[in-house]
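Chains as they are written, first to last, in numbering that gives the first Met the number 0: chain A, 0 to 340; chain B, 0 to 340. To start, the structure under review is shown below, and the notes come after it.
Protein chains: 2
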Amino acid sequence: MSHQVTIKDIARELGVSPSTVSRALKDHPDISETTKKLVKELVEKLKYTPNAIALSLRSQKTNVISVIVPQLVHHFFSSVISGIEDVAQNAGYNVMIFQSSEIYEREVAITQALQSNRAEGVLVSVSKTSRNFGHFKELMDNDFPIVFFDRVVDALETDKVIVDDFSGALNAVEYLIKTGCKRIAHFAAPQHLLIGYQRQRGYISALEKNGIKLDDNLIMKCDTIEEAIELTPKFMKQKNPPDAIFAVNDMTAAGAVNTLKKLGYKIPDDVSVIGFTDGLISTVTDPPLTTISQHGFEIGRKSAELLLKRIDNPDESFKPVTEVIKTELILRGTTREMESR
Amino acid sequence: MSHQVTIKDIARELGVSPSTVSRALKDHPDISETTKKLVKELVEKLKYTPNAIALSLRSQKTNVISVIVPQLVHHFFSSVISGIEDVAQNAGYNVMIFQSSEIYEREVAITQALQSNRAEGVLVSVSKTSRNFGHFKELMDNDFPIVFFDRVVDALETDKVIVDDFSGALNAVEYLIKTGCKRIAHFAAPQHLLIGYQRQRGYISALEKNGIKLDDNLIMKCDTIEEAIELTPKFMKQKNPPDAIFAVNDMTAAGAVNTLKKLGYKIPDDVSVIGFTDGLISTVTDPPLTTISQHGFEIGRKSAELLLKRIDNPDESFKPVTEVIKTELILRGTTREMESR
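Next up, the structure:
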């Protein structure tokens, strides 16, 4: 990609804010004639044409917002989308959804298509394979409203809605400790993913808080049902096997539950299991799964509210906010009861 | 909605085909000057302006196609979308997804937004609550390429990709009969839905083919996990309870499996269960669920291929085709083995 001249470039050159440039181009009454003249001259000099088209398109109300999610097959993301649609539809917006399939190149292609598809803003949960965020930066430089949710980009100054993964994991593991579990394993997601990192951090903190020594043999990268089916038997063959598993998501927890039963363990008497998500899966396993609800619908609602606020006030530059949605431990059949200890 | 003048209206008035009108407006060399003149005069007379905009937009390659699905939370639809994306991406297209949430009014709003969102064509699976299809007719009248999949509209002459629900159900029920089941129940979807109707028809045909008398007490409208949990106990209390359940989808089957186990029945020894979909659910139940795979990915691929063919050949009018994707019985743990009888 060759570098296109953006509103940010013009702002930097003139020593004003991007929003001033944007407003100057729209002939906003708050901007002085001198500034408008300076901006317009520089725009001409830098051949700032692509944006002119983008601007004229953007100023049209299309009543469409976009969402980019990594995988539609995850119940969490379809819940978030339902929450987004709930707010968007009440405000008269259609919601246009794109799937990055966890592929960086696709995410880039989608962000490039966004402006010509005439969306007025976008809600994004980032792909696992994206380590580079220039494509989002470019949208921001063009004053295109973005809100990140769940998998956010720390380095970018936008509105964000995040799940309190750390506290969710901490509460879950503390519950296991309170119901008598002594050797708690963690089936973890890759640590470069913020959710993988935060959930593992919550696990470790719960152990520390309760004076339990961290045992590296009890942590393993295992975040799919296939891995759980393959790795659970190896895990249980250890000299000192775990009496509880805290899994980073529900599918992995379900794989652990079914494999443990096949190996002859009683759940929750011999081994307790907790998942993370509270999707359809959790009501279908036997016993039904104790898990952490992420309140996807609420995350979607909150994200859409933040985005619509930006869209409705394009000329105001409020400070980006980060909203934290609390998780909730949903007790079902794969954990013991508090009273029984 | 007031009636907008469409290409179809002009074609009818002049006694030519809509594709001739469309080509005349695009100044296609195959169309005579006389016809072009007639078309253009009528267009002016009828104030056929909205389409002029639509046409000019449509003639731009945006490399975007749209998909409208009823519910993203269903594994089947997310599989179809992955198949669509597989084909679309290879051809350089982005896929823009909309969710109707089974609400007719939303489906109408989405189809209205499609043209201004500059998609080059659309793939649709119809909402449960749509009994009226004027919104799709309007797109067709404007030469906007449409392919229906799974839940199709019989009355509209477009390309369609359908699942062989009838044979899928028939094979499943015949398998139950061959493994010794004598009283097979059917948990059915509403019969105004083509899939509900076809699956029930397959169930009935299998019984007839095998000389088993149809018993109305063994068919019940029950197509959600909640209904299965509520209705299975009532069902089993009958004087002559079933020894097998064929459920219209996997979630309902999962609800039946868990409820039967709670009631003390052994699966599959006392009661066999078969679902329909082969989603994530089916590997997570205990025992894992015998079910019918609909090959969603393949349906998506085939639908996208048909749509891209239409998009690439806008001026040719080939006869609409209907492709049938075969289902497949996936044997897991909720049915008995053939050999054991």
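Glycine included, each C-beta is placed from N, C-alpha and C at the ideal position. Given the structure is predicted, the values throughout are model-derived calculations rather than measurements.
From the DSSP output, in three-state form, read off residue i for me.
i	result
residue 94(B)	strand
residue 328(B)	strand
residue 322(B)	strand
residue 227(B)	helix
residue 159(A)	strand
residue 68(B)	strand
residue 270(A)	coil
residue 146(A)	strand
residue 39(B)	helix
residue 122(B)	strand
residue 74(B)	helix
residue 220(B)	strand
residue 19(A)	helix
residue 291(B)	strand
residue 245(B)	strand
residue 187(A)	strand
residue 63(B)	strand
residue 276(B)	strand
residue 100(B)	coil
residue 300(A)	helix
residue 167(A)	helix
For residue i, which residues in the same chain have their Cβ closer than 8 Å to its Cβ, ignoring the five residues on either side in sequence?
i	result
residue 287(A)	281, 331, 332, 333
residue 197(A)	164, 165, 168
residue 61(A)	117, 118, 119
residue 131(B)	103
residue 219(B)	184, 185, 186, 187, 230, 234
residue 291(A)	167, 168, 170, 171, 273, 274, 275, 276, 277, 326, 327, 328, 329
residue 262(A)	231, 232, 235
residue 312(A)	none
residue 228(B)	254, 257, 258
residue 192(B)	127, 150
Contact check, residue i vs residue j under 8 Å by CB: the rounded distance?
i	j	result
residue 213(B)	residue 184(B)	Rounded, the Cβ-Cβ distance is 12 Å, inconsistent with contact.
residue 194(A)	residue 188(A)	6 Å
residue 176(B)	residue 154(B)	The Cβ separation is near 35 Å, so there is no contact.
residue 109(B)	residue 99(B)	6 Å
residue 6(B)	residue 162(B)	Their Cβ separation, rounded to whole angstroms, is 32 Å, which puts residue 6(B) and residue 162(B) out of contact at 8 Å.
residue 134(B)	residue 156(B)	No, residue 134(B) and residue 156(B) are not in contact; Cβ-Cβ is about 16 Å, not under 8 Å.
residue 158(B)	residue 319(B)	5 Å
Just the Cα atoms here: how many angstroms apart are residue i and residue j?
i	j	result
residue 294(B)	residue 322(A)	40 Å
residue 23(B)	residue 95(B)	30 Å
residue 315(A)	residue 18(A)	8 Å
residue 80(B)	residue 300(B)	9 Å
residue 50(B)	residue 151(B)	Since pLDDT at residue 50(B) reaches only 41, below the 50 mark, its modelled position is unreliable, and the value read off the structure follows with that caveat. If I take the Cα positions, the gap works out to 26 Å.
residue 279(A)	residue 160(B)	28 Å
residue 207(A)	residue 13(A)	53 Å
residue 128(A)	residue 127(B)	37 Å
residue 174(B)	residue 239(B)	21 Å
residue 210(B)	residue 199(B)	17 Å
residue 15(A)	residue 30(A)	11 Å
residue 149(A)	residue 178(B)	48 Å
residue 8(B)	residue 111(B)	19 Å
residue 271(A)	residue 337(A)	13 Å
residue 42(A)	residue 138(A)	18 Å
residue 343(B)	residue 113(B)	Because chain B spans 0 through 340 in this model, residue 343(B) falls outside it and cannot be assessed.
residue 317(A)	residue 85(A)	25 Å
residue 54(B)	residue 45(B)	Bear in mind that a pLDDT of 46 at residue 54(B), under 50, signals an unreliable position, so the model cannot answer this.
residue 260(B)	residue 264(A)	19 Å
Quick one: what's got a C-beta closer than 6 Å to residue i's C-beta in the same chain, skipping five residues either side?
i	result
residue 267(B)	333, 334, 335
residue 97(A)	67, 109
residue 182(A)	241, 242
residue 38(B)	20, 23
residue 289(B)	273, 330, 331, 333, 334
residue 11(B)	none
By Cβ distance, which residues of its chain are closer than 7 Å to residue i, with the 5 residues on each side in sequence left out?
i	result
residue 202(A)	168, 172, 185, 245
residue 306(A)	64, 120, 122, 144, 146
residue 77(A)	71
residue 27(A)	314
residue 284(A)	253, 256
residue 310(A)	119, 120, 144
task = Evaluate the contact criterion for the stretch 84-98 of chain A versus the stretch 28-43 of chain A: three or more CB pairs, one atom per stretch, below 8 Å.
result = no
task = Indicate whether the contact test is met: 3 or more Cβ pairs, each with one atom in the stretch 115-128 of chain B and one in the stretch 63-71 of chain B, closer than 8 Å.
result = yes
inquiry  = Between the stretch 240-255 of chain B and the stretch 219-229 of chain B, can you find at least three pairs of beta-carbon atoms closer than 8 Å?
reply    = yes
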